[in-house]
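Colleague: Mapping of the sequence shown onto the working numbering: position 59 corresponds to residue 40, and the numbering continues sequentially without gaps. This structure is in C-alpha cells; I'll ask about it shortly.
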Amino acid sequence: MCQKHNEIAQNPSHFEGTAEELATATNVQVNFMDYIKDMKFFDPHIHMTSRTTDDYQALADAGVVAIIEPAFWLGQPRTGLSTFKDYYSSLIGWERFRSSQFGIKHYCTIGLNSREANNEALAEEVMEILPLYLYKEGVVGVGEIGFDDQTAAEEKYYRLQLELAKEAGLPVQVHTPHRDKKKGTERSMAIALEHGIDPQMFIIDHNNEETVKSVLDQGFYAAFTIYPFTKMGNERMVEVVKQYGSERIMINSAADWGISDPLAIPKTAALMKIKGISDHDIRLVTYQNAIDAFAQSGQINVEDFENPQEIDQTLKYNGNTILRGGQQPRVDKNALIIR
Ligand SMILES: [Zn+2]
C-alpha cells in the first residue's frame, strides 16, 4: 500500500488530500491522468464537429468512452434549410464514424437551437424536417433547445419541440441562457411542467450555484458545463458536489469552436479525487447519471462502450476515411496475429 493510502486509512476524516496534493492541484502542474486510472467517463455535451482528431485521441486516452453531441449553433447564422439537413446528417453519420475510429461511442441530440429560432421563416422549415432525424438510431434526445435572448420566438419553438420530444418519448437537453440565467432557467422548467412532461426527462444544462437548488428540488437533472472563463470552473464544481451530493447531477465539457477544454470531465474527476469526493460520487456525476438520463430514450446500450471497443481505422464511411495519403491505419482488434 502506498504512503497516501496509508494516511487515508489511518485518518478517515482526512478527505482533503495531502498538503502536497492540494498544492499541486492549485499549481496545475499535476498530471491529472495519475488520479483517474481505470475510471470511465461519459461526456453528455461535446461538439466534436468543431474538434480535431487529436482531441478524439486525447479523450480516448483519458477514459472517455462515450459522448453526446447536441445539435447547436455553428457560430454564424445558417442561411438555408440545406445546411441544417447536412449538419444533422453529419451528426448521425460522418461524425459518429469519426468517433468510432477512436473507440468512442457517439450519440447525438437533434433540435433547433434557441438562437436560430429567431429566424422564424427558417425555423418553420426546420421544424418540418426534425422528425426525420429524431427517430434515427443513436439519437438520444431533443437538444440543445431552450432560451438564448428569451424572445417570444424562442419560446414558441421551445414549446413546439417539447411536443416533438413528448411524441417521440425522448429526453430533452435544455440550453439555459448566459444572460438572465436564473430567470431563463425557471422559465424553461415552468414551460416543461406546463407541457406535462416528467421533469426526469429533462437535462437542464449550464447550471451554476444560483440555479442548481431549484433545478434539483423540482426533480430535473442538473448538468454543469466546465468551460474556461465563462460558465463553471472545476474548483467551483467540486464545491457544488460537496454541497448537493451526486444525485441527478452531471458534468460536461460543451467543448466547441470556442476556447474550451474537451478534457474537462477527466480533469474535474481528478480534482474531485484530490479534494476527497468519493469514487462512487465521481462515477455518478461523470458517467452514470448521464447514462441514466439519456438511456430513457431507449437508444443507449452500455455494452457498446463499457468494455474496450475494437478500433479499425481501415474502415470507410461512404468511401471516406480519417486517414490522409500515406498515413498508416491503426488497427488494434483482439487479433491473434500482430503485425
Ligand atoms: Zn452546446
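We treat Cβ as the ideally placed atom computed from N, Cα and C, and that holds for glycine.
So Pro112 is in the beta strand (DSSP E); what residue range does that whole segment cover?
Modeller: Here Pro112 belongs to no beta strand (DSSP E); instead the alpha helix (DSSP H) covers Glu101 to Leu115.
Colleague: Could you pull out every residue in the same chain whose Cβ sits closer than 6 Å to the Cβ of Leu151, ignoring the five residues on either side in sequence?
Modeller: Gly122, Val123 and Ser278.
Colleague: Give me whichever residues DSSP pairs with Val155 in a beta bridge.
Modeller: Answer is Ile126 and Ile185.
Colleague: Give a yes or no on whether 7 Å exceeds the smallest Cβ distance from Trp238 to chain B.
Modeller: Among the chains of the structure shown, chain B does not appear; only one protein chain is present.
Colleague: Between the beta-carbon of Val266 and the beta-carbon of Ser227, is there less than 7 Å?
Modeller: Their beta carbons are under 7 Å apart, which means Val266 touches Ser227 by this criterion.
Colleague: Report the rounded CA-to-CA distance for Val219 versus Gly257, giving the unit in angstroms.
Modeller: When rounded, the distance between both Cα atoms is 9 Å.
Colleague: Going along the chain, which residues of its own chain have a beta-carbon closer than 7 Å to the beta-carbon of Pro310, five neighbours each way excluded?
Modeller: Gln294, Thr295 and Leu304.
Colleague: How long is the line joining the alpha carbons of Leu141 and Glu106, rounded to whole angstroms?
Modeller: If I take the Cα positions, the gap works out to 13 Å.
Colleague: Rounded to the nearest angstrom, how far is the Cβ of Tyr16 from that of Ala47, given a contact under 8 Å?
Modeller: In fact, because the Cβ distance is near 21 Å, the residues do not count as touching under 8 Å.
Colleague: Jot down the residue ranges of each uninterrupted beta strand (DSSP E) in the region 207 to 246, minimum 3 residues, whole runs only, in chain order.
Modeller: List check, beta strand (DSSP E) in window: 230 to 233.
Colleague: Classify Ile(-11) as helix, strand or coil using the three-state DSSP reduction.
Modeller: Annotation note: pLDDT 37 at Ile(-11) (below 50); position unreliable, coordinate value reported separately. It is helical.
Colleague: Ligand 1 heavy atoms versus the CB of Phe53: any closer than 6 Å?
Modeller: At least one heavy atom of ligand 1 is nearer than 6 Å to the Cβ of Phe53, so yes.
Colleague: If the criterion is Cβ atoms closer than 7 Å, does the pair His28 and Asp186 meet it?
Modeller: No, Cβ-Cβ distance for His28 and Asp186 is not below 7 Å.
Colleague: Should Glu125 be counted as a contact of ligand 1 given a C-beta to heavy atom distance under 6 Å?
Modeller: Yes, since a heavy atom of ligand 1 falls inside the 6 Å radius drawn around the Cβ of Glu125.
Colleague: Exposed or buried, what is Arg160 when buried is set at 16 or more other beta-carbons lying within 10 Å of its beta-carbon?
Modeller: Burial call: exposed.
Colleague: Leaving aside the five residues before and after Lys86 along the sequence, list all residues of the same chain whose C-beta is less than 8 Å from its C-beta, in chain order.
Modeller: These residues qualify, in order along the chain: Val46, Ala47, Ile48, Ser80, Asp285, Phe286 and Gln290.
Colleague: Alpha carbons only, please: which of Ala98, Ala134 and Ala102 is nearest the one belonging to Glu125?
Modeller: Looking at the Cα atoms, Ala98 is the closest of the given residues.
Colleague: Determine the closest residue to Glu148 out of Met182, Asp129, Thr132 and Tyr268, with distance taken between C-alpha atoms.
Modeller: Out of Met182, Asp129, Thr132 and Tyr268, Met182 has the C-alpha closest to the C-alpha of Glu148.
Colleague: Taking only runs that begin and end inside the region 60 to 85, name each unbroken beta strand (DSSP E) of 3 or more residues, in chain order.
Modeller: Correct list: empty.
Colleague: State the CB to CB distance for the pair Ser71 and Thr30, rounded to an integer number of angstroms; the pair is presumed to be in contact (CB under 8 Å).
Modeller: At roughly 7 Å, the Cβ-Cβ gap stays under 8 Å, so Ser71 and Thr30 are in contact.
Colleague: Alpha carbons only, please: which of Thr192, Glu101 and Val153 is nearest the one belonging to Ile184?
Modeller: For Ile184, the nearest C-alpha among the options comes from Val153.
Colleague: Around the Cβ of Phe53, are there at least 16 other Cβ atoms within 10 angstroms (buried) or fewer (exposed)?
Modeller: Burial call: buried.
Colleague: May I ask you to check if the CB of Ala235 is nearer than 6 Å to at least one heavy atom of ligand 1?
Modeller: Correct: Ala235 has its Cβ closer than 6 Å to ligand 1.
Colleague: Taking the straight line between their C-alpha atoms, what separation do you get for Gly214 and Thr302?
Modeller: Straight-line Cα distance between these residues: approximately 36 Å.
Colleague: Report buried or exposed for Glu109, applying the criterion of at least 16 other Cβ atoms within 10 angstroms of its Cβ.
Modeller: So Glu109 counts as exposed.
Colleague: Looking at the secondary structure, which residues open and close the beta strand (DSSP E) in which Val45 lies?
Modeller: Residues Val45 to Pro51.
Colleague: Going by the DSSP bridge assignment, what does His87 pair with across the sheet?
Modeller: Paired residues: Ile48.
Colleague: Around the C-beta of Ile135, are 16 or more other C-beta atoms found within 10 angstroms, so that it is buried, or is it exposed?
Modeller: Ile is not the amino acid found at residue 135; the sequence shown has Glu there. Glu135 should be labelled buried.
Colleague: Taking the straight line between their C-alpha atoms, what separation do you get for Leu143 and Lys137?
Modeller: When rounded, the distance between both Cα atoms is 10 Å.
Colleague: Would you report the Cα separation of Leu252 and Leu103, rounded to the nearest angstrom?
Modeller: When rounded, the distance between both Cα atoms is 44 Å.
Colleague: Which first and last residues belong to the beta strand (DSSP E) in which Asp24 is found?
Modeller: First-last of the beta strand (DSSP E) with Asp24: Phe22 to Asp24.
Colleague: Taking DSSP as the reference, what is the three-state secondary structure of Asn270?
Modeller: Reduced to three states, the DSSP call for Asn270 is helix.
Colleague: Classify Phe205 as helix, strand or coil using the three-state DSSP reduction.
Modeller: Strand at Phe205.
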